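Visitor: If you use our numbering, the sequence shown corresponds to residues -13 to 375, in order.
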Amino acid sequence: MTLKELAAHVAAEFQQHYGRAPRWIVAAPGRVNVIGEHTDYNDGFVLPMAIERYAVMAADAAATPGRISVYDTHFKESAVIDVAGPVTKGQPKWSNYIRGVLAGFQQRGQKIPALDVAFMSTVPLGGGLSSSAALEVCTATLIEAATGKAIDPVEKALLAQKAEHEFAGVPCGIMDQFISALGREGHLLLLDCRTRQTELVPMSDPSVALLVVNTNVKHELGSGEYAKRRAECEQAAKIIGVKSLRDATPEQLEQAKDKMSEVVYRRARHVIGEIERTTHAAEGIRQSNWPTVGQFMYASHYALRDDYEVSCKELDAVVAIAENIGARGGVYGCRMTGGGFGGCCVALVKAGAVDAITQTIATEYQAKTGIAAAIFASRPAAGATIIKG
Ligand code: GLA
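(1) Here's a check: name, in chain order, each residue in its chain whose Cβ is nearer than 8 Å to the Cβ of PRO78, leaving out the five neighbours to either side.
(2) Could you name the residues whose beta carbon sits closer than 5 Å to any heavy atom belonging to the ligand GLA, keeping them in chain order?
(3) Taking DSSP as the reference, what is the three-state secondary structure of LYS142?
(4) Should THR264 go down as buried or exposed, given a rule of 16 or more other Cβ atoms within 10 Å for buried?
(5) Find the nearest neighbour of GLY159 within the set LYS148, ALA195, ILE98 and ARG6, judged by alpha-carbon distance.
(6) Grab the span of the alpha helix (DSSP H) containing TRP276 for me, first residue to last.
(7) According to DSSP, what are the bridge partners of ILE54?
(8) Using a 10 Å radius around the Cβ and a threshold of 16 neighbouring Cβ atoms, would you call ILE361 buried or exposed?
(9) Assuming the contact rule is C-beta atoms closer than 8 Å, THR344 and LEU197 should be a hit. Round their C-beta distance to whole Å, please.
(10) Around the C-beta of ILE357, are 16 or more other C-beta atoms found within 10 angstroms, so that it is buried, or is it exposed?
(11) Using C-beta distances below 8 Å, list every residue in its chain close to LYS135, excluding the 5 sequence neighbours before and after it, in chain order.
(12) For ALA41, which of ALA(-2), ALA48 and SER107 has the nearest alpha-carbon?
(13) Under the three-state reduction of DSSP, which class applies to GLU171: helix, strand or coil?
(14) So what's MET35 in DSSP terms, helix, strand or just coil?
(15) In the DSSP assignment, the alpha helix (DSSP H) including TYR251 goes from what residue to what residue?
(16) Under 8 Å between the Cβ atoms of PRO99 and THR133?
(17) Whose CA, out of ALA313, THR349, TYR351 and GLY329, lies closest to the CA of ALA339?
(18) Just to check, is the beta-carbon of THR349 closer than 7 Å to a non-hydrogen atom of the ligand SAH?
(19) Below 8 Å on the Cβ atoms is my guess for GLY316 versus LYS336; work out the distance and round it to an integer in Å.
(20) Hey, quick one: how far does the alpha helix (DSSP H) through THR344 stretch, first residue to last?
(21) Just verifying my parser: in three-state terms, what is the DSSP assignment at ILE165?
(22) Here's the rule: buried if 16 or more other CB atoms are within 10 angstroms of the residue's CB, otherwise exposed. What is HIS173?
(23) When DSSP labels each residue in this structure, what does ASP302 get in the three-state scheme?
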């Protein structure tokens, strides 16, 4: 579904559920990270792009004051959020992403208007494509539309990140909310997570495409392991004597090797290498040097698999299939993307070979794992937008 079709669909659902037309329609995309994994909370670089999968909300002012009703058009379930006082955590569970953002606006001194909302998302849930960031940034965009007060997009991303920390309990970095808020059509976003400086890197060469391969597995150990990795990185930085791993060189790591456990050493080796790979890959993209970009993507995957240990056998299977297809078959590179432990891979491929590659990966992945993958190509999409209002 295109964004336009999706917006029309959610508007129709709003009309049916609430018996009138919506006054505002807003959207925020999910993302795929091309390279720069587990670097954001180490003050490093990331290179994500917004994808053509969105969280969309249609809304109008509500008659009943002091509350927001959100109707999930897919699961046919509603959340009623009390906004008369400070917004708190509550049920259903997914409403906490919304609640967290509303609380963030309240902390900025913003009174939350009473709203009726219909909601739908085409970002696969729990697939490592930032469905939660899309929902958070979408909510923030709705509040901007409904109050008529735009906030700085960087502030908006930070507010959404805080919601994820405090209402969803995930100590995530800044990448997902940032790209959902600041993505630009036809561009990747090179983000320096320390300075928050961004550079839009054009990705408009028609001869290449990015394929997202959803393994359709999610291993529950994900969230606890994420926090553990963060702690290990902090420990490594402390031992090396730097503020964060962004400041550490490979030589410094080698010098400090004996003072840290083998595991902490490997975690740091991934992060320090990945920060470097990301800036090199960005340079490769600027020059349309696709074979080089692809090599950095593979190298990123191996480090995530062997040093950082956030891959899983299904993600590894996709990468192995992609490697097997190889440059001859049109694959430049492939790697797991996002937090890991399931979710998606991203592959850089020749545009003309997309259909053949999709077929091969689907067939071989199913044969290897017994699971059906979901595979789609996406162009770099725009970040959060007010479609109506
Ligand atoms: C998750 C987090 C991000 C980032 C990635 C790993 O998506 O939300 O902040 O840390 O994992 O790169």
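Note that beta-carbon positions come from the ideal geometry of N, C-alpha and C, so glycine has one too. If you're wondering where the values come from, they're calculated on a predicted model, not measured in any experiment.
Guide: According to the structure data:
(1) Cβ neighbours of PRO78 within its own chain (closer than 8 Å, five residues either side excluded): GLU63 and ALA65.
(2) Each of GLU23, HIS24, ASP26, CYS158, GLY159, MET161, ASP162, GLY324 and GLY325 has a C-beta closer than 5 Å to some heavy atom of the ligand GLA; these make up the full list, in chain order.
(3) In the structure shown, LYS142 sits in a helix (DSSP, three-state: H, G or I).
(4) Label assigned to THR264: buried.
(5) Minimum Cα distance to GLY159 is reached at LYS148.
(6) 276 to 292 is the span of the alpha helix (DSSP H), which, as asked, contains TRP276.
(7) In DSSP, ILE54 forms a bridge with ILE67 and LEU101.
(8) Counting other Cβ atoms within 10 Å of its Cβ, ILE361 reaches 16 or more and is therefore classed as buried.
(9) About 7 Å separates the CB atoms of THR344 and LEU197; that is less than 8 Å, so the two are in contact.
(10) By the Cβ-count criterion, ILE357 is exposed, with fewer than 16 other Cβ atoms from all chains shown falling within 10 Å of its own Cβ.
(11) Correct list, in chain order: GLN96.
(12) If we check each option's Cα against that of ALA41, SER107 comes out closest.
(13) Here GLU171 carries a coil assignment [DSSP, helix/strand/coil].
(14) In the structure shown, MET35 sits in a strand (DSSP, three-state: E or B).
(15) Annotation: the continuous alpha helix (DSSP H) that includes TYR251 extends over 248 to 272.
(16) By the CB criterion at 8 Å, PRO99 and THR133 fall inside the cutoff.
(17) Nearest of ALA313, THR349, TYR351 and GLY329 to ALA339, Cα basis: ALA313.
(18) What this structure holds is the ligand GLA, not the ligand SAH.
(19) Taking a contact as a CB-CB distance under 8 Å, the pair GLY316 and LYS336 counts as one, their CB atoms being some 4 Å apart.
(20) Looking at the DSSP string, the run of the alpha helix (DSSP H) that includes THR344 is 340 to 355.
(21) Note: ILE165 maps to helix in three-state DSSP.
(22) Residue environment: HIS173 is assigned as buried (16 or more neighbouring CB atoms within 10 Å of its CB, all protein chains considered).
(23) In the three-state reduction of the DSSP assignment, ASP302 falls in the helix class.
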